[in-house]
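Structure record follows, encoded as structure tokens.
Shown next as structure tokens:
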């Protein structure tokens, strides 16, 4: 009887039943704010202040810093010291910096190319926040002379290795059941390495972001949301197989390569990327296996040349976009968020490829422990780990 009464309530009644507790909750919050219950505990100590430098621009006008406040109350940057000498500065916008807001600090300091500089920001309460410029180099600008070479490097570390990996597709067509299991497990292995690598990079970047973004929580929640959303989309019309599964793999790898491009572009902007030929070759070798992994689910299909071109662009093209974004608009919290989304996509692909591998074998439980599967999985991890040593700087 009770359930029947609840189901028969008109919509207006249900709306009122929801609005009443919301109104009471809002009133309670307003009352607490006006009461200021912690006022009696005030012992004269200054407010808690936090200031995080998110971006540094070095050009002919000097040093520009984008700083974000995270203190308990609005804070004021009173003085700026560069290399132990106080300098004049301007703030855009001017005035106290509210919690969560960001401002630009323009410092007309004659920085020296190739040198290290230390900037100290002092607030009106006496708190200091240091920022290190490890190697001073001009910050890239959005010009053809800057974007073109970055696009070439992005194509070498993103598009080229994926295309080379996909070129193994004809040779892979003749493999039997064990060979197919090996290649699918190899794909899962390389994705497992990319997942761990992506998460670790995202967490490292999140530690550089302002505390207000709750870095590690943001990374894990964004990865989880990305995984669940892509799983829902992928299972919308059943389990993805063949060319559809290859596109999901390319998407996951593309999001990872976007994060990789962000890291390279950010290193360019910070002057810490000594990208020699050996290092670029290391990136290319490291990513060749990605193309092989993309091709593995398509061995029983007949993809067209346009399919291969689209897969190459989807998996490798984001590296170029990441390099541009990283060098021109680098911010640790957004880079960490992009990597977290990529991690969720990679995990979704791992689940789908593993499920596809199991479905391809009659004895599904034994398939996961078959020698070809174990060798492929461990081989994928080992190859990615070994080649990653070539690109760590």
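In full-length UniProt numbering, the protein residues as written are 1 to 393.
Glycine included, every Cβ here is placed at the ideal spot set by N, Cα and C.
Backbone CA spacing between residue 120 and residue 387 [nearest angstrom]: 39 Å
Alpha-carbon spacing of residue 358 relative to residue 31, whole angstroms: 59 Å
Cβ-based burial, residue 35 [other Cβ within 10 Å; buried from 16]: exposed
Rounded separation between residue 384 and residue 368 - CA only: 21 Å
Neighbourhood of residue 355 by C-beta, 8 Å cutoff - its chain only, sequence neighbours within 5 removed: 239
According to DSSP, residues forming a beta bridge with residue 58: 63
Among 75, 89, 29, 15, the one whose alpha carbon lies nearest that of residue 127: 75
Three-way DSSP call (helix, strand, coil) for residue 111 in this model: coil
Beta-carbon proximity check, residue 291 vs residue 166, cutoff 8 Å: yes
Nearest-angstrom Cα separation, counted from residue 343 out to residue 372: The alpha-carbon separation between residue 372 and residue 343 amounts to approximately 26 Å.
Three-way DSSP call (helix, strand, coil) for residue 428 in this model: In this structure the chain extends from 1 to 393, so residue 428 is not present and cannot be described.
Residue 396, DSSP secondary structure in three states: The chain is shown from 1 up to 393; residue 396 falls before or after that span and cannot be answered.
Other residues of its chain near residue 381: CB distance less than 8 Å, five sequence neighbours each side excluded: 189, 190, 192, 193
Cβ neighbour criterion (16 or more within 10 Å) applied to residue 256: Only buried fits residue 256, as 16 or more other CB atoms lie within 10 angstroms of its CB.
N-terminal and C-terminal residue of the alpha helix (DSSP H) that residue 219 is part of: 215–234
Exposed unless 16 or more other CB atoms sit within 10 angstroms - verdict on residue 88: exposed
Residue 342 - containing alpha helix (DSSP H), residue span: 332–359
Counterpart residues of residue 118 in DSSP-defined beta bridges: 132
Through-space distance from residue 179 to residue 186, alpha-carbon basis: If you take the alpha carbons of residue 186 and residue 179, they lie about 10 Å apart.
Distance between residue 232 and residue 68 (C-alpha atoms, nearest Å): 36 Å
Cβ-Cβ distance between residue 164 and residue 288 below 8 Å: yes
Three-state secondary structure (DSSP) of residue 208: coil
Start and end residues, alpha helix (DSSP H) containing residue 90: Run containing residue 90: none in the alpha helix (DSSP H); it sits in the beta strand (DSSP E), 90–92.
Beta-carbon gap between residue 105 and residue 77 smaller than 8 Å: In this structure, residue 105 sits near residue 77, with a CB-CB distance shorter than 8 Å.
Residue 198 in three-state terms, based on DSSP: helix
Cβ pair residue 247, residue 321 closer than 8 Å: no
Cβ shell of residue 49 (< 7 Å), same chain only, five flanking positions each side left out: For residue 49, where only same-chain residues beyond five positions count, the Cβ hits under 7 Å are 71, 75, 123, 125, 127.
Beta-ladder partner(s) of residue 81, from DSSP: DSSP, once it has assigned bridges, lists 86, 120 as partnering residue 81.
For residue 384, the first and last residue of its enclosing alpha helix (DSSP H): 371–388
With 16 other Cβ atoms within 10 Å as the buried cut-off, status of residue 14: exposed
Residues that residue 68 bridges to, as DSSP identifies them: 52, 102
DSSP-derived helix/strand/coil call for residue 323: helix
Residues near residue 5 in its chain [Cβ-Cβ closer than 6 Å; skip 5 each side]: Note that residue 5 scores 47 on pLDDT, short of 50, meaning its location in the model is unreliable; the coordinates nonetheless yield the value given after this. Excluding sequence neighbours, residue 5 sits near nothing in its chain.
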